[in-house]
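If you're matching positions, the sequence shown starts at 23 in our numbering and goes up one per residue. To start, the structure itself, in structure tokens.
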Amino acid sequence: MGPAATIQRHPKKVLLADNSQIGLDNSKICLIDEEMRLEDNAQIRLSNAGILSNNPDFLLANAEIRLDKAITRLDSVECRLENADMEIDRAALICLDNVEISFDK
23 MGPAATIQRH PKKVLLADNS QIGLDNSKIC LIDEEMRLED NAQIRLSNAG
73 ILSNNPDFLL ANAEIRLDKA ITRLDSVECR LENADMEIDR AALICLDNVE
123 ISFDK
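Here it is, written out as structure tokens:
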């Protein structure tokens, strides 16, 4: 993997700088009433990862998401993917309850 991601932590925000990358192996992310923002060309790779989200706002601009053997549970979440490539491999399970997803190209 390339250089470590630049992560700026703000109250209720996680910001990733351009061209940053997060590798999550056997990890769990819990976002409670927070905003996770990925700037242009950011990439998240999730291997055997679980994302448990409660009312966060995901803003993905030109981002690539790879879900390998991942379980993504989104309850009452708004996901906006702008010019994004979302790839799900190896029978990943995505549970979407009361979710609005818009893909803008």
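Backbone N, C-alpha and C define an ideal beta-carbon position, used for all residues, glycine too.
Residue i to residue j span [Cα, whole Å]
i	j	result
Asn-63	Arg-95	24 Å
Gly-45	Glu-57	19 Å
Ser-49	Ile-66	12 Å
Gly-24	Lys-91	Confidence is the limiting factor: at Gly-24 the pLDDT is only 46, short of 50, which leaves the residue's position unreliable, though a coordinate-based value still follows. Their Cα atoms are separated by approximately 22 Å.
Ala-85	Asp-107	7 Å
Asp-47	Asn-105	26 Å
Ala-83	Gln-43	14 Å
Asn-41	Ile-93	25 Å
Ile-87	Leu-38	14 Å
Asp-79	Ile-73	13 Å
Residue i versus the options, residue with shortest Cα-Cα distance
i	options	result
Ile-51	Glu-61, Ala-71, Leu-38	Ala-71
Residue i beta carbon near the ligand ZN (any heavy atom closer than 8 Å)
i	result
Ile-44	Absence of the ligand ZN from the depicted structure is noted, as is the absence of any ligand whatsoever, leaving it without description.
Contact check, residue i vs residue j, beta carbons under 9 Å
i	j	result
Leu-60	Leu-89	no
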